[in-house]
Amino acid sequence: MNTLLRAVVLAAPVVAVGACLVGSCAGAPPWLGGYCGEDAHCHSEFQDIPGTICIGDRCECSDPNYHICCLPSEARDPKCSQACRPCSECAAGTTGCDADVGDGGVDAGCQSDAECPGPPSRECGAGRCVQGQCTVEIHVGPVASQRRGDCRRMDCTTAGELIALDDPSDVYDDGEQCTYDSCDESGPANIPLLAAAACPAAREGMCHRGTCVACFDGDVTMNDCANGLACDDVLCVPSHCVNDVADLALGETARDCGGLCRPCIVGEACRSSADCKSKVCDAARCAPATCGDGVKNGEETGIDCGATPCPPCAAGQGCRTDASCESGVCWAGTCLESSCTDGVKNAGEQDIDCGGGCAPCP
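In case it helps, mature numbering (1 follows the signal peptide of the UniProt record, and there is no 0) puts the sequence shown at residues -18 to -1, 1 to 344.
Structure representation (structure tokens):
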């Protein structure tokens, strides 16, 4: 601009027309709409566009790789916060970014983790929104949610895929002292110890078919009962309990049962619940086990639970398998509480170890 023209412009009256253009109100506020006469006009009380400098008569980004734009979430707001941003953070249709974000895809940027896809397996990580760009966070190695005692370990690969690895150390404890707990090609194995082997956790007794018993009166007697007692199948009892006579004077309630002898079966005479195998004496007769008699009997693993037709057992009750328990988790012969890392869908979870009281499912 020559000296004469500049003098004419400065002498002209100042008129605020909404946006000052060079030559119309140069040097006087307000500078609006991205117009400027110097860098300071791009960051004034009238307009402030972060990251810009005055180039010519317009506020432009100081970094040529950035563009003035709104965030995608604000694109429809006429008062959106414009700033110099990379195309990945701009809304679709931003001038200069059409080739990058025109399809509105993931390159258009993100505002939250929820917008970003995670790894192939949800257990292995999550999608993250970092500075407007979607990234994948992968946790390599064993996951927190593991099924205990299944002879395998669930691991995440570097690609975010969940795989099962053989783990011979992850043996299942069945709660029986007379079994050897291990893993074989098919999974958990609980192999009975040799017959007549001493019970590992008991001072007396021997192993028979995976269970610790006092004696075994089979084809070969495995143990001579001490103190003059006789072996009645697997119990050491007084000799009168195996004479095939109902010795009522000696406490028996029926032939060779009741009192100090073996428990009586259903239908045999009894004086108390202790005389009966079912632990229920009704009208002087041993009654059948039911799911509401308040005792553990029959095939039940806990009190009135753990075997068909009874319901599964609550935590703390006995069990033989996972199916015996409400939580679906049986360990060492006892039902465990449900947890968010037990590898089982239980306790109101929407999927295995997520939803309900656990972390939300992706």
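The C-beta atom is built at its ideal place from N, Cα and C for all residues, glycine as well. Treat the numbers as computed from the prediction; the structure is a model and nothing was measured.
Beta-carbon spacing of residue i, residue j below 8 Å
i	j	result
alanine 341	serine 309	no
alanine 266	cysteine 243	no
glycine 325	glutamine 29	no
cysteine 72	cysteine 51	yes
proline 170	cysteine 133	yes
lysine 259	cysteine 246	yes
cysteine 36	aspartate 21	yes
cysteine 197	cysteine 218	yes
cysteine 223	alanine 208	no
cysteine 79	histidine 121	no
aspartate 215	aspartate 199	yes
valine 248	alanine 231	no
proline 68	glutamine 93	no
cysteine 66	glycine 16	no
aspartate 333	cysteine 322	no
proline 344	glycine 19	no
aspartate 238	aspartate 257	no
tryptophan 13	histidine 23	yes
Backbone secondary structure at residue i - three-state DSSP
i	result
valine 118	strand
threonine 203	Unreliable positioning characterises threonine 203 in this predicted model, as indicated by a pLDDT of 49, which lies under 50. The coordinate reading is nonetheless provided below. Note: threonine 203 maps to strand in three-state DSSP.
glutamine 264	Checking the sequence, you will find aspartate at residue 264 rather than glutamine. Correct three-state label for aspartate 264: strand.
leucine 147	strand
valine 224	helix
arginine 104	helix
alanine 22	helix
alanine 65	strand
serine 70	helix
leucine 217	strand
aspartate 333	strand
aspartate 89	Unreliable positioning characterises aspartate 89 in this predicted model, as indicated by a pLDDT of 44, which lies under 50. The coordinate reading is nonetheless provided below. In this structure, aspartate 89 counts as helix in the three-state DSSP scheme.
glutamate 250	coil
serine 164	strand
alanine 231	helix
proline 54	helix
alanine 177	coil
serine 321	coil
Cβ-Cβ separation, residue j to residue i (assumed contact under 8 Å), whole Å
i	j	result
alanine 289	glycine 280	7 Å
aspartate 163	aspartate 155	6 Å
glycine 338	threonine 316	With a Cβ gap of about 23 Å, glycine 338 and threonine 316 do not count as contacting.
serine 103	glutamate 143	6 Å
residue 345	serine 306	The question about residue 345 has no answer, for the chain in this structure spans -18 to 344.
proline 124	arginine 110	Wrong, their Cβ atoms sit about 21 Å apart, outside the cutoff.
Neighbour flag for residue i against chain D, beta carbons, 8 Å
i	result
alanine 177	Checking the listed chains, one finds no chain D in this structure; it contains a single protein chain.
Query raised in the report: Can you find at least 3 beta carbon pairs, one from the stretch 267 to 279 and one from the stretch 109 to 128, that sit closer than 8 Å?
Result: no
Report task. Pair every Cβ in the stretch 184 to 198 with every Cβ in the stretch 151 to 161, then say whether three or more of these pairs are closer than 8 Å. Result -> yes
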